[in-house]
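**Q** Following the UniProt record's numbering, the numbering of the sequence shown begins with 1 at its first residue and continues without gaps. Dropping the structure in here first, questions after.
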Amino acid sequence: MATLTNSLSKPPTPLPPKLASPLAFLPLSSATLAKRTRTLTLSSLNNRRKLNSPLFVTRATAAPGTSSEKKKPKLDEKVKKIHSAAEFDEALKGAKEKLVVVEWAATKNEESKQIYPFLVDLSRTCNDVVFLLVLEDESEKTREIFVREKIEEVPHFSFYKGMEKIHEEEAIGPDQLMGDVLYYGDNHGTVAQLHCREDVEKLIADHKEDHKLIVLDVGLKHCGPCVKVYPTVLKLSRSMADTAAFARMNGDENDSCMEFLKDMNVIEVPTFLFIRDGEIKGRYVGSGKGELIGEILRYQGVRVTY
1 MATLTNSLSK PPTPLPPKLA SPLAFLPLSS ATLAKRTRTL TLSSLNNRRK LNSPLFVTRA
61 TAAPGTSSEK KKPKLDEKVK KIHSAAEFDE ALKGAKEKLV VVEWAATKNE ESKQIYPFLV
121 DLSRTCNDVV FLLVLEDESE KTREIFVREK IEEVPHFSFY KGMEKIHEEE AIGPDQLMGD
181 VLYYGDNHGT VAQLHCREDV EKLIADHKED HKLIVLDVGL KHCGPCVKVY PTVLKLSRSM
241 ADTAAFARMN GDENDSCMEF LKDMNVIEVP TFLFIRDGEI KGRYVGSGKG ELIGEILRYQ
301 GVRVTY
């Protein structure tokens, strides 16, 4: 777990005291806080594939214009190769508000070879994300991009939105890469994205008549456990759509979000708040998949034993 004051560059500092008056429309209940945490292990999508294939293999293709060429698109056609700083900047600009995932790699680096096939798989399934590849040892022009973006080790992944770098990772595996892409680029609509206190109020009002359980996932932009548990949250939001409404808020997005978290007495993340009819019925603190599912079922009235 991470604390709300976690930062990549600053040591943790205590949160300011809780505001004097909590939200009137969300009275806190006396539900027991579940403090157990457990590292979430996601099943890798590449368990059945070998990751020792060479990077950027040139495959034999039929002559231009033949039916074979038309029916078999290149495996990595959705990963755009970048050859200069001008191309890089143009790709970021053209993506607008879409998430852009950049893999910084080298042709002779073994880790780059291993992670690249999984990047290709993601590019073919995540249509709302732009994927770029920059090879450090391709040319002087690509090395200049590495220097400009201060990339020193490969493989390295950078995440951009609106031409602004929002996250970066080094030496990550397929599970972490998938989690990052879903967490920072989720536009699937099954998990409502909340950006202020007013968004929470509206969500509660929207479910006033159907009395659905609202599962509010509270995290931070650079919280590792928050990123890892999010694919599970996304799956649950789809499978439980008839009985629960899922939402997410990053406490460090703006002042309104941080004040809301203080009012809700959220100290550690990820924290899941369970809300029904404007009242917090309970919460779960942690990233354990089994515990999270059990808590959601419990607050839906299903008897759960551990």
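Just so it is clear, CB atoms sit at the ideal spot from N, CA and C, and this is done for glycine as well. As the structure is a computational prediction, the values presented were derived from the model and not from experiment.
(1) Can you tell me whether DSSP reads residue 271 as helix, strand or coil?
(2) In chain order, what residues of the same chain have a beta carbon less than 7 Å from the beta carbon of residue 200, not counting five sequence neighbours either side?
(3) Rounded to whole angstroms, what's the CA-CA distance from residue 284 to residue 184? Just pull it up for me.
(4) So does the segment 105-124 actually touch the segment 158-168, counting three or more Cβ pairs closer than 8 Å?
(5) What residue from 279, 286, 80 has the CA that sits closest to residue 267's CA?
(6) Which ranges does the beta strand (DSSP E) cover as unbroken runs of at least 3 residues, wholly within the segment 104-183, from first to last along the chain?
(7) Mark residue 94 as exposed unless 16 or more other C-beta atoms lie within 10 angstroms of its C-beta, in which case mark it buried.
(8) Answer yes or no: do residue 250 and residue 224 have a C-beta to C-beta separation smaller than 8 Å?
(9) Could you tell me how far apart the beta carbons of residue 115 and residue 177 are, in whole angstroms, since I believe they sit closer than 8 Å?
(10) The alpha helix (DSSP H) spanning residue 295 covers which residue range?
(11) If you draw a straight line from the C-alpha of residue 210 to the C-alpha of residue 277, how long is it?
(12) What residues match up with residue 324 in a beta bridge as DSSP calls it?
(13) Under a three-way DSSP split, which group does residue 322 fall into?
(14) With a Cβ-Cβ cutoff of 8 Å, do residue 272 and residue 217 count as a contact?
(15) Please state if the CB of residue 135 and the CB of residue 311 are separated by a distance shorter than 8 Å.
(16) Taking the alpha carbon of residue 204 as the point to measure from, which residue in 222, 244, 258 has its own alpha carbon closest?
(17) Secondary structure at residue 86, three-state DSSP: helix, strand or coil?
(18) Between residue 254 and the rest of its own chain, which residues show a CB-CB distance below 8 Å, the 5 nearest in sequence each way excluded?
(19) Can you tell me whether residue 302 is helix, strand or coil according to DSSP?
(20) With DSSP run on the structure shown, which of helix, strand or coil describes residue 200?
(21) Go to residue 191, then tell me how far its beta strand (DSSP E) extends in each direction, as first and last residue.
(22) Taking DSSP as the reference, what is the three-state secondary structure of residue 79?
(23) Which residues share a DSSP beta bridge with residue 100?
**A** Inspection of the coordinates gives the following:
(1) For this step, residue 271 is matched to residue 271 along the sequence shown. Here residue 271 sits in strand by DSSP.
(2) Stepping through the sequence shown from its first residue, residue 200 is reached at position 200. The answer, listed in chain order, is 194, 260.
(3) Within the sequence shown, the letter at position 284 stands for residue 284. Within the sequence shown, the letter at position 184 stands for residue 184. One C-alpha to the other measures close to 22 Å.
(4) no
(5) The residue labelled residue 267 in the question sits at position 267 within the sequence shown. Residue 267 has its Cα closest to that of 286, out of 279, 286, 80.
(6) Here the runs fully enclosed are 129-135, 156-161, 164-170.
(7) Within the sequence shown, the letter at position 94 stands for residue 94. Residue 94 comes out exposed.
(8) Residue 250 sits at position 250 when you count from the first residue of the sequence shown. Residue 224 sits at position 224 when you count from the first residue of the sequence shown. Result no, Cβ atoms of residue 250 and residue 224 do not sit closer than 8 Å.
(9) What you label residue 115 is simply residue 115 of the sequence shown in a count that begins at 1. What you label residue 177 is simply residue 177 of the sequence shown in a count that begins at 1. With 8 Å as the limit, residue 115 and residue 177 qualify as a contact, their Cβ atoms being about 7 Å apart.
(10) Indexing the sequence shown from 1 puts residue 295 at position 295. From DSSP, the alpha helix (DSSP H) with residue 295 extends over 289-299.
(11) Numbered from 1 along the sequence shown, position 210 holds the residue referred to as residue 210. Numbered from 1 along the sequence shown, position 277 holds the residue referred to as residue 277. When rounded, the separation of the alpha-carbon atoms in residue 210 and residue 277 is 9 Å.
(12) Given a span of 1 to 306 for the chain in the structure shown, any question on residue 324 remains unanswerable.
(13) The first residue shown for the chain is 1 and the last is 306, placing residue 322 beyond what the model contains.
(14) Walking along the sequence shown from the start, residue 272 turns up at place 272. Walking along the sequence shown from the start, residue 217 turns up at place 217. Closer than 8 Å, so yes.
(15) Shown here, the chain extends from 1 to 306; a query on residue 311 therefore has no answer.
(16) Taking the sequence shown and counting its residues from 1, one reaches residue 204 at position 204. Considering only alpha carbons, the answer is 244.
(17) On the sequence shown, residue 86 is found 86 positions in, with the first residue counted as 1. Note: residue 86 maps to helix in three-state DSSP.
(18) Here residue 254 corresponds to residue number 254 of the sequence shown, with the count starting at 1. Same-chain partners within the cutoff: 195, 196.
(19) Along the sequence shown, read from residue 1 onward, the residue named residue 302 stands at position 302. Note: residue 302 maps to coil in three-state DSSP.
(20) Counted from its first residue, the sequence shown places residue 200 at position 200. DSSP places residue 200 in helix when its eight states are reduced to three.
(21) Indexing the sequence shown from 1 puts residue 191 at position 191. Taken as a continuous stretch (DSSP letters only), the beta strand (DSSP E) holding residue 191 covers 191-193.
(22) Here residue 79 refers to the residue found at position 79 when the sequence shown is read from its first residue. Strand at residue 79.
(23) What you label residue 100 is simply residue 100 of the sequence shown in a count that begins at 1. According to DSSP, residue pairing for residue 100 in a beta bridge involves 130, 160.
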